[in-house]
Amino acid sequence: MFEFEFMRLAFAAGAIVGLLAPVVGFFLVQRQMSLIGDGIGHVAFAGVAAGYLIGVSPVWTALVAAIVGAAAIEWLRAHRTAAGDQALALVFYSGIAGGVVLISAAGALNANLFAYLFGSILTVTRAELLRIALLGLGALLLVAILLRALLAVAIDEEGARVSGLPVAFLNGAVSMLAALTIGISMRIVGILLIAALMVLPVIAAQRVAWSLRSTMGLSISIGLGSVLAGLTASYYLNMPPGGAIVLTAAATFVVAAGLETLRRRV
Amino acid sequence: MPLALELDSVDFAYEHGPPVLRDVSFEVEAGEFVAIAGPNGGGKTTLLRLALVLARPTRGRVQLFGEPADRFRDRARLGYLSQRAQLGVQAPATVREVVSAGRAARNAFGRLTAEDREAIEQAMERVGLADLARRPLSRLSGGQQQRAFIAKALVSGPQLLALDEPTAGVDVEAQEALSGLLARLNDELGVTILYVSHEFGAIEHVVRRLVLVRGGIVFDGPPSSLPGVWHDPSHVHV
Ligand SMILES: Nc1ncnc2c1ncn2[C@@H]1O[C@H](COP(=O)(O)OP(=O)(O)O)[C@@H](O)[C@H]1O
Ligand SMILES: [Mg+2]
Numbered sequence: 000m001f002e003f004e005f006m007r008l009a010f011a012a013g014a015i016v017g018l019l020a021p022v023v024g025f026f027l028v029q030r031q032m033s034l035i036g037d038g039i040g041h042v043a044f045a046g047v048a049a050g051y052l053i054g055v056s057p058v059w060t061a062l063v064a065a066i067v068g069a070a071a072i073e074w075l076r077a078h079r080t081a082a083g084d085q086a087l088a089l090v091f092y093s094g095i096a097g098g099v100v101l102i103s104a105a106g107a108l109n110a111n112l113f114a115y116l117f118g119s120i121l122t123v124t125r126a127e128l129l130r131i132a133l134l135g136l137g138a139l140l141l142v143a144i145l146l147r148a149l150l151a152v153a154i155d156e157e158g159a160r161v162s163g164l165p166v167a168f169l170n171g172a173v174s175m176l177a178a179l180t181i182g183i184s185m186r187i188v189g190i191l192l193i194a195a196l197m198v199l200p201v202i203a204a205q206r207v208a209w210s211l212r213s214t215m216g217l218s219i220s221i222g223l224g225s226v227l228a229g230l231t232a233s234y235y236l237n238m239p240p241g242g243a244i245v246l247t248a249a250a251t252f253v254v255a256a257g258l259e260t261l262r263r264r265v
Numbered sequence: 000m001p002l003a004l005e006l007d008s009v010d011f012a013y014e015h016g017p018p019v020l021r022d023v024s025f026e027v028e029a030g031e032f033v034a035i036a037g038p039n040g041g042g043k044t045t046l047l048r049l050a051l052v053l054a055r056p057t058r059g060r061v062q063l064f065g066e067p068a069d070r071f072r073d074r075a076r077l078g079y080l081s082q083r084a085q086l087g088v089q090a091p092a093t094v095r096e097v098v099s100a101g102r103a104a105r106n107a108f109g110r111l112t113a114e115d116r117e118a119i120e121q122a123m124e125r126v127g128l129a130d131l132a133r134r135p136l137s138r139l140s141g142g143q144q145q146r147a148f149i150a151k152a153l154v155s156g157p158q159l160l161a162l163d164e165p166t167a168g169v170d171v172e173a174q175e176a177l178s179g180l181l182a183r184l185n186d187e188l189g190v191t192i193l194y195v196s197h198e199f200g201a202i203e204h205v206v207r208r209l210v211l212v213r214g215g216i217v218f219d220g221p222p223s224s225l226p227g228v229w230h231d232p233s234h235v236h237v
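Protein chains in written order, with numbering that gives the first Met the number 0: chain A, 0 to 265; chain B, 0 to 237.
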């Protein structure tokens, strides 16, 4: 399958996505905000629709929408104007509803839209790979710089506050990274499934891991493995890669949960 | 001795709530070991949170090491073990990983330096967990977990250490061990300690100063001069 350039491009982009999504997802899971990725994804859907309507590449409008959605969720959470999950529900449903209204206004209920929702192996262009690589490496670099501070907040937020870490900034950074990951990953996994790729590898890994470091390492392996396996399945079975990728990750979770149960028995 | 902590005529109420602390004036000299006791809801946790700038007084002022608390920047000098401290992560975190997180107070963004690593090993050594460094916290006893959190608070080299009921749910032996550990920290490193506890028996003989908190400070002095009716400070009904 590598004789086709579109597959080489898809695999290269997929490798970045498979690496980045679990790294960012790790912090969402630890903050018990697994669903935030979903919330932002739904806002990104409205962004895609807006792109069609105003005639700008939906990739960019979705990225902007995801960042605005992440900022809105973080703001609502920080100001306690609504409980965290209510804030999320508000963003979630407004995103989907806004998206549907805009999509029908643009007359864009078509197969192309389907590729944004569930991913496609045919859509990654060279220019797009460059964008994915630059943004993806930027995001990974940011995580590398903030890693120990982010871990300190995850392990003990109150303690981090006492020791003077910029906790609000770091929490905001995680939300922004989630938005960025969604913007980067949607061509491969699709905006409705990308949140699953952020969360499933992490919750699978922490079932069998023995430290934070091994959780992170296993999450990345599962994320990468799922994307590469999913893309291959998508090529041979002619299905949207998002579905195959997320089903692979889900299967890994079932196996990990099974292993954990076995280990507890013996 | 310079003051590590000073509260001057402090009032505090949570938003839309009744006053929790009223007219609290309280000075702690550097190097003191102070036990804080009082009934549930008396305001002990709130007092620590005011001292650590996690809450701002509604009236009065708080000073840390001679500086206004909200302008105090050298936060690595503060160590905190919160009430019912527990891991914020679901993923398995080892003792070393938890203790390392405390080092972010000194060095949050760069790589761990040799000095950081040394401090991490020393903190684990001090609380007697060096042999369990690679063990996930979830596989330690309650007392060991508390000691891991204490090592985390110690690893930044704090000069003021505040512990909020660290022995709740820990057996008597572990309580005694903890009191001994804190007494040594106080003695050998000169760390100023604020120790909130309702299980007062285990520290009565290591502290020279006891503060009873019940909406304000109702007693402040050596444990031996505590009026008889209050002798079990967890059941103060004034
Ligand atoms: N976050 C909060 N919001 C509102 N009231 C609070 C909050 N935390 C504590 N309180 C109230 O403040 C009072 C003192 O609480 P606290 O400082 O936790 O006491 P203690 O630690 O001595 O048990 C109690 O009446 C409690 O109900
Ligand atoms: Mg308390």
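Using N, Cα and C, we set each Cβ at its ideal position, and we do this for glycine too.
Anticipated Cβ contact below 8 Å, residue i with residue j, distance rounded
i	j	result
G59 of chain B	L211 of chain B	With a Cβ gap of about 19 Å, G59 of chain B and L211 of chain B do not count as contacting.
L128 of chain A	A11 of chain A	6 Å
V276 of chain A	L199 of chain A	No answer is possible for residue 276 of chain A: it lies beyond the span of chain A, which begins at 0 and ends at 265.
A178 of chain A	A69 of chain A	4 Å
A103 of chain B	A151 of chain A	4 Å
A194 of chain A	D37 of chain A	4 Å
V61 of chain B	L6 of chain B	5 Å
V206 of chain B	P222 of chain B	7 Å
Residues that residue i bridges to, as DSSP identifies them
i	result
Y79 of chain B	B:A161
F32 of chain B	B:I192
L2 of chain B	B:E28
Q62 of chain B	B:E5, B:P67
F11 of chain B	B:L20
F218 of chain B	B:L211
Beta-carbon contacts of residue i that lie in its chain and below 6 Å, excluding the five residues immediately before and after
i	result
E73 of chain A	G171, S174
I183 of chain A	I131, L134, G135
A129 of chain B	M123
V123 of chain A	L8, A9, A12, R186
V47 of chain A	P57, A61, Y115
F91 of chain A	G38, H41
V188 of chain A	G118, L196, G241, I244
V195 of chain B	I35, K43, D163, E164
G266 of chain A	Absent from the model: residue 266 of chain A. The displayed extent of chain A is 0 to 265, so no value can be given.
Chain C contact residues for residue i, given Cβ-Cβ distances below 9 Å
i	result
T214 of chain A	Absent here is chain C; the protein component of the structure consists of chains A and B.
Cutoff 8 Å: residue i Cβ touching any chain B Cβ
i	result
S162 of chain A	yes
G158 of chain A	yes
V28 of chain A	yes
L261 of chain A	no
S220 of chain A	no
Min CB distance residue i to chain A below 8 Å
i	result
V235 of chain B	In this prediction, V235 of chain B has a pLDDT of 47, which is less than 50 and means its spatial position is unreliable; nothing more can be read from the coordinates.
S81 of chain B	yes
F11 of chain B	no
S8 of chain B	no
L108 of chain B	The residue you asked about is not Leu; residue 108 of chain B is Phe in the sequence shown. Closer than 8 Å to some Cβ of chain A, the Cβ of F108 of chain B qualifies, so yes.
R55 of chain B	no
P135 of chain B	yes
L51 of chain B	yes
E14 of chain B	no
R146 of chain B	no
R207 of chain B	no
7 Å CB neighbourhood of residue i in its chain, flanking five on each side removed
i	result
V237 of chain B	Note that V237 of chain B has pLDDT 42, beneath the 50 cutoff, so the model's placement of it is unreliable and the number below is only indicative. The residues are R213, V217.
L169 of chain A	L145, A148, L149, V152
A249 of chain A	L199
L20 of chain B	V9, D10, F11, G42, T45, L46, G214, G215
L87 of chain A	L34, I35, G38, I72
V166 of chain A	V152, E156, A159, R160
Same chain, Cβ closer than 8 Å to residue i, neighbours up to 5 away in sequence not counted
i	result
I291 of chain A	Because chain A in this structure spans residues 0 to 265, residue 291 of chain A falls outside the shown range and cannot be described.
R30 of chain A	A153, N170, V173
Closer than 7 Å: residue i CB and nearest ligand 3 heavy atom
i	result
K43 of chain B	Absence of ligand 3 from the depicted structure is noted, with ligand 1 and ligand 2 being the only ligands included.
In chain order, which continuous runs of the alpha helix (DSSP H) of length 4 or greater are located wholly inside the stretch 136 to 167 of chain A? Correct list: 156 to 161.
Would you list, in sequence order, the uninterrupted alpha helix (DSSP H) runs of no fewer than 4 residues that lie entirely inside the stretch 21 to 92 of chain A? 35 to 53, 57 to 78
Could you tell me which whole alpha helix (DSSP H) segments of length 4 or greater appear in the stretch 75 to 146 of chain B? 94 to 101, 113 to 125
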